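Colleague: I have a structure I would like to understand better, so I am pasting it below and will then ask my questions one at a time.
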Amino acid sequence: MIRNNQARPTPEGQLEHRYDGIAKVTGKAKYAAEFTEPFPKKDLVYAYIVHSTIPSGSIASIDQKEAERAFGVIAILTPFNVPKLTSAKPHNLSILQDTDVHYNGQPIAVVLASSLPFARQAARMLTIKYNQQPAKLNFMGRLDEARPPKQGGREQPGTQRGDLAASMAKATVTVDETYITPLQNHNPMEPHATIAWWEGEELNVYDGTQYISGVKMSLARILNLPLENVHVQCPYTGGGFGSKGTAWSHVTLAAMAAKVVQKPVKLVLERNQMFGPVGTRPTTVNKIKIGADASGKIVGIQHDAIMNTSVMDDFVEHSAGTSRMLYNSEANATTEKMVEMNLGMGTYMRAPGEATGTAVLEIAMDELAHKLKMDPVQLRLVNYAETDPSRNRPFSSKHLRECYTQAAENFGWSKRNAEPGQKTEGNKQIGYGMATATYPANRSAASAIVRILPNGRVFAGSGTQDIGTGMYTIMAQTAAAALGLDPTLVDVKLGDSALPKAPVSGGSQSTASVLPAVDAAARQAKLKLFQLAMQDTHSPLYNAKDTDIETKDGHIFLKSNPSTGESFTALLTRNGAAPIEAEGSAEPGPDKNSMTTQSFGAVFAEVAVDKDTHMVQVRRVVGTYDIGTLMNNKTGLNQLMGGIVWGVGFALHEEAVIDPVYGRTVNGNFADYHVPVNADIGDIDVSVLNIPDTKFNPLGSRGIGEIGITGAAAAVANAIYNATGKRVRNYPMTPDKIMQA
1 MIRNNQARPT
11 PEGQLEHRYD
21 GIAKVTGKAK
31 YAAEFTEPFP
41 KKDLVYAYIV
51 HSTIPSGSIA
61 SIDQKEAERA
71 FGVIAILTPF
81 NVPKLTSAKP
91 HNLSILQDTD
101 VHYNGQPIAV
111 VLASSLPFAR
121 QAARMLTIKY
131 NQQPAKLNFM
141 GRLDEARPPK
151 QGGREQPGTQ
161 RGDLAASMAK
171 ATVTVDETYI
181 TPLQNHNPME
191 PHATIAWWEG
201 EELNVYDGTQ
211 YISGVKMSLA
221 RILNLPLENV
231 HVQCPYTGGG
241 FGSKGTAWSH
251 VTLAAMAAKV
261 VQKPVKLVLE
271 RNQMFGPVGT
281 RPTTVNKIKI
291 GADASGKIVG
301 IQHDAIMNTS
311 VMDDFVEHSA
321 GTSRMLYNSE
331 ANATTEKMVE
341 MNLGMGTYMR
351 APGEATGTAV
361 LEIAMDELAH
371 KLKMDPVQLR
381 LVNYAETDPS
391 RNRPFSSKHL
401 RECYTQAAEN
411 FGWSKRNAEP
421 GQKTEGNKQI
431 GYGMATATYP
441 ANRSAASAIV
451 RILPNGRVFA
461 GSGTQDIGTG
471 MYTIMAQTAA
481 AALGLDPTLV
491 DVKLGDSALP
501 KAPVSGGSQS
511 TASVLPAVDA
521 AARQAKLKLF
531 QLAMQDTHSP
541 LYNAKDTDIE
551 TKDGHIFLKS
561 NPSTGESFTA
571 LLTRNGAAPI
581 EAEGSAEPGP
591 DKNSMTTQSF
601 GAVFAEVAVD
611 KDTHMVQVRR
621 VVGTYDIGTL
631 MNNKTGLNQL
641 MGGIVWGVGF
651 ALHEEAVIDP
661 VYGRTVNGNF
671 ADYHVPVNAD
681 IGDIDVSVLN
691 IPDTKFNPLG
701 SRGIGEIGIT
711 GAAAAVANAI
721 YNATGKRVRN
731 YPMTPDKIMQ
741 A
């Protein structure tokens, strides 16, 4: 079930369906691996990556004689014969520039053949010998080796405010526990895929990505090419969630292979090849201590996080970040440290930092509420932060109180029995839990182009991506709203690096970045349309002032007398039938560092736990979110629902299990790496406040691709405790852990 709060206005002129919906359900939408042009299909070469089978050491030799004789084989690239690059090799990529092996599953060779089966078969014929070294694989046994990050990332790895020891001495109630989140692996529906081909010294790429400009810049830098010599296209991305925000090894390897064989090369990762080479969410161990006085007011929060990182390079999962800013406390201290392991790189996974941070902090808050004998919602209200305590500055907009109130009412929170294990239905124990959701509102510079065409249609383009979140749809709506048109008359193009530059579709920033640019471009085109009419002696609007003119339904007219005007088509046809074109840009304002821009929400969950098997059924989840203006009901609410589903998976299912000897992901497939399916999900009731945040951007909208997962895992975890009286602090909360708690 989907609920949308209609008490506040929603954007007019919304498309009834997703702009790209028909193309996707009819199979007309092409993804990166599906293109067979502009090159001759018969020329296409298929690449298969060979992965290391040891976690640490080096490659002593690769005997490829037998493989080279296999039917259909065109070339085999290894560290011993691949062209050496003149640029510095990135630390986080494996592109055959040396023989070092850093993790099991690392790319160490590429077989090129006339078909994928031929390439796969030849790969099995390679004889590879290694010089093996001891591997760092025991994360939990090496926590005492944790070190600060080499680079801080987007947040400081350690923070301190107030006198924590003095403040904690005032506490009458204290929670002091350790919470663990597991290694999680990306599994978007579309595997990572690249097609690369060269035209002289110009490189062309189809790539399944969240950042076409990033792929362009990465390839240009690594291959030492002028930026203008790289062209990247990605009209559709079949899910990315952070893993496709980076140009991983396979992208460069496809381009290098295409250069070697002088033919177009297609490289698609198989499902089991995505466990390691394209990033994971790191394991985190979080020691959290919260002290409060008898009234529930928090006097101090301490959060010390340790996570795994690759020996190749650091990636910081900022799980302590939420503890710095979500609640008021007179003292606060956080640290984040790393344990190096022979695993693939960590990377961004939906709501990096905040997903794990809320998953652990919000259990600690629930434990504190139970010790205080206080309602968990009331505890959060007592410690409500009106301003950002971590930076001592105001929020651009914050309406979390309303989220608590509305979601609690929609859920029926007042019916909750605060004493755990008291509500049963037959053999089921029923529990209610809640948590706070939050994620930063990010924005970057972006540009767009809009053309008003003589046939009455409008073109809107930007070098952004649609990763399934609805960018096509809201770009069409935004251009249409600025020009007073039906959005079905707007043709959208994106996913092409030749278009005006836009940022990565990550960090929940695309909506807030791209739409203001589209709006600016459309308004500039509209102004040019006004000027054309004002200078045209045959126009009814000749010599009018632009402030007196408006547009609607494909017509330009006087505001004071709407019958005086003409259609866009008539005006443009009379003036040579040339389109009117304008480019617009938008970027964060000069006051961006004077306030904190953040989205918030409240999530409530009901679970039923079988008394015998301890299987957990999530019956329903209710969430209300403060995300600024909701740009489109369908695409926006779908994102929030998808995030909640992932939160349920975080709570109950997801974990990548690493073999402690060989370092390979044991459950590296869809059969064993569990994610929620339809049968795992009950009712989802999502609503938004729809209060514009115009201090953040002129449209008042904030990105919502990631906030949905935050808080959801903890809400389920807290509901399990309310149902059973058993507190589990180690995700995922599988039946065996509940049984042993």
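Quick note: the sequence shown, position 225, residue 225 per UniProt numbering, numbers continuous. In this text, a Cβ means the ideal position worked out from N, Cα and C, and glycines have one as well. Note that the structure is a prediction, hence the values are computed from the model and not measured.
Using the Cα positions of residue 578 and residue 505, report the straight-line distance between them to the nearest angstrom.
Modeller: Approximately 33 angstroms, taken between the alpha carbons.
Colleague: Going along the chain, which unbroken runs of the alpha helix (DSSP H) with 4 or more residues stay wholly within the region 296 to 356?
Modeller: Whole alpha helix (DSSP H) segments, 4+ residues: 321 to 325.
Colleague: Might you give, ordered along the chain, the residues of its own chain that have their beta carbon closer than 8 angstroms to the beta carbon of residue 815, omitting 5 neighbours on each side?
Modeller: This structure gives no information on residue 815, because the portion of the chain shown stretches from 1 to 741.
Colleague: Where residue 556 and residue 460 are concerned, what is the direct C-alpha to C-alpha distance, given to the nearest angstrom?
Modeller: Taking the straight line joining both Cα atoms gives about 19 angstroms.
Colleague: Helix, strand or coil for residue 434? Go by DSSP, reduced to three states.
Modeller: Note: residue 434 maps to strand in three-state DSSP.
Colleague: Just the C-alpha distance for residue 416 and residue 372, rounded to the nearest angstrom, thanks.
Modeller: Those two C-alpha atoms are separated by around 17 angstroms.
Colleague: If you draw a straight line from the alpha carbon of residue 200 to that of residue 233, how long is it in whole angstroms?
Modeller: So the alpha carbons of these two residues sit roughly 18 angstroms apart.
Colleague: Leaving aside the five residues before and after residue 614 along the sequence, list all residues of the same chain whose C-beta is less than 7 angstroms from its C-beta, in chain order.
Modeller: Contacts found: 735, 738 and 739.
Colleague: Residue 192 and residue 208 look like a contact to me (Cβ under 8 angstroms); what is the Cβ gap, rounded to whole Å?
Modeller: Confirmed, about 6 angstroms.
Colleague: Can you give me the start and stop residues for the alpha helix (DSSP H) that residue 467 sits inside?
Modeller: That residue, residue 467, is in no alpha helix (DSSP H); it is neither H nor E in DSSP.
Colleague: Applying the criterion that 16 or more other CB atoms from any shown protein chain within 10 Å of the CB defines a buried residue, is residue 509 buried or exposed?
Modeller: Counting Cβ neighbours within 10 Å, residue 509 comes out buried, since at least 16 surround it.
Colleague: Assign residue 27 to buried or exposed, taking buried as 16 or more other Cβ atoms, counted over all protein chains shown, within 10 Å of its Cβ.
Modeller: The residue in question, residue 27, is exposed, as its Cβ has fewer than 16 Cβ neighbours within 10 Å.
Colleague: Specify the secondary structure class of residue 410 as computed by DSSP and reduced to three states.
Modeller: Helix, per DSSP.
Colleague: On the CB-based measure, 16 or more other CB atoms within 10 Å of its CB, does residue 329 come out buried or exposed?
Modeller: Buried, because 16 or more other Cβ atoms sit within 10 Å of the Cβ of residue 329.
Colleague: For residue 519, collect the residues of the same chain with a Cβ closer than 6 angstroms to its Cβ; drop the 5 residues on either side in sequence, then sort them by chain order.
Modeller: So the list reads 478 and 482, once near-sequence residues are dropped.
Colleague: So for residue 363, helix, strand or coil by DSSP?
Modeller: In the structure shown, residue 363 sits in a helix (DSSP, three-state: H, G or I).
Colleague: Under a three-way DSSP split, which group does residue 248 fall into?
Modeller: Three-state result, residue 248: coil.
Colleague: Can you give me the Cβ contacts of residue 645 inside the same chain, cut-off strictly under 7 angstroms, excluding the 5 residues immediately before and after it?
Modeller: Answer for residue 645: 676 and 681, listed in chain order.
Colleague: Give the straight-line distance between the Cα atoms of residue 108 and residue 76, rounded to the nearest whole angstrom.
Modeller: Cα-Cα distance, rounded: 11 angstroms.
Colleague: Just verifying my parser: in three-state terms, what is the DSSP assignment at residue 793?
Modeller: In this structure the chain extends from 1 to 741, so residue 793 is not present and cannot be described.
Colleague: Could you please give me the residues that DSSP links to residue 196 through a beta bridge?
Modeller: Looking at the DSSP assignment, residue 196 forms a beta bridge with 205 and 265.
Colleague: Residue 11 to residue 640, Cα distance in whole Å?
Modeller: Note that residue 11 has pLDDT 49, beneath the 50 cutoff, so the model's placement of it is unreliable and the number below is only indicative. Residue 11 and residue 640: Cα-Cα distance of roughly 18 angstroms.
Colleague: Given that a residue counts as buried once 16 or more other Cβ atoms are within 10 Å of its Cβ, and exposed if not, what is residue 127?
Modeller: The residue is exposed, with fewer than 16 neighbouring Cβ atoms inside 10 Å.
Colleague: DSSP on residue 662, reduced to helix/strand/coil?
Modeller: Of the three classes helix, strand and coil, the one that applies to residue 662 here is coil, per DSSP.
Colleague: Tell me the residue span of the alpha helix (DSSP H) that contains residue 118.
Modeller: 116 to 124 is the extent of the alpha helix (DSSP H) around residue 118.
Colleague: Any heavy atom of the ligand MG closer than 7 angstroms to the beta-carbon of residue 50?
Modeller: This structure does not include the ligand MG; it has no bound ligands of any sort.
Colleague: The alpha helix (DSSP H) spanning residue 634 covers which residue range?
Modeller: 633 to 652 is the span of the alpha helix (DSSP H), which, as asked, contains residue 634.
Colleague: List in chain order: all unbroken alpha helix (DSSP H) runs of 4+ residues lying wholly within the region 44 to 74.
Modeller: With a minimum length of 4 residues, the continuous alpha helix (DSSP H) runs that stay inside the region 44 to 74 are 65 to 68.
Colleague: Could you tell me which whole alpha helix (DSSP H) segments of length 4 or greater appear in the region 462 to 529?
Modeller: DSSP runs (the alpha helix (DSSP H)) wholly in the region 462 to 529: 471 to 483.
Colleague: Tell whether a beta-carbon distance below 8 angstroms holds between residue 338 and residue 281.
Modeller: Not closer than 8 angstroms, so no.
Colleague: Kindly identify the DSSP beta-bridge partner or partners of residue 743.
Modeller: A query on residue 743 cannot be resolved here, the shown segment of the chain reaching from 1 to 741 and no further.
Colleague: May I have the straight-line CA-CA distance separating residue 395 from residue 725, to the nearest angstrom?
Modeller: If I take the Cα positions, the gap works out to 37 angstroms.
Colleague: Mind checking whether residue 265 and residue 47 have CB atoms under 8 angstroms apart?
Modeller: Result yes, Cβ atoms of residue 265 and residue 47 sit closer than 8 angstroms.
Colleague: Mind checking residue 485: buried by the 16 CB within 10 Å criterion, or exposed?
Modeller: With 16 or more other Cβ atoms within 10 Å, it is buried.
Colleague: Quick one: what does DSSP say residue 107 is sitting in, helix, strand or coil?
Modeller: Note: residue 107 maps to strand in three-state DSSP.
Colleague: Of all the options 116, 99, 707 and 155, which has the alpha carbon lying nearest to the alpha carbon of residue 73?
Modeller: Considering only alpha carbons, the answer is 116.
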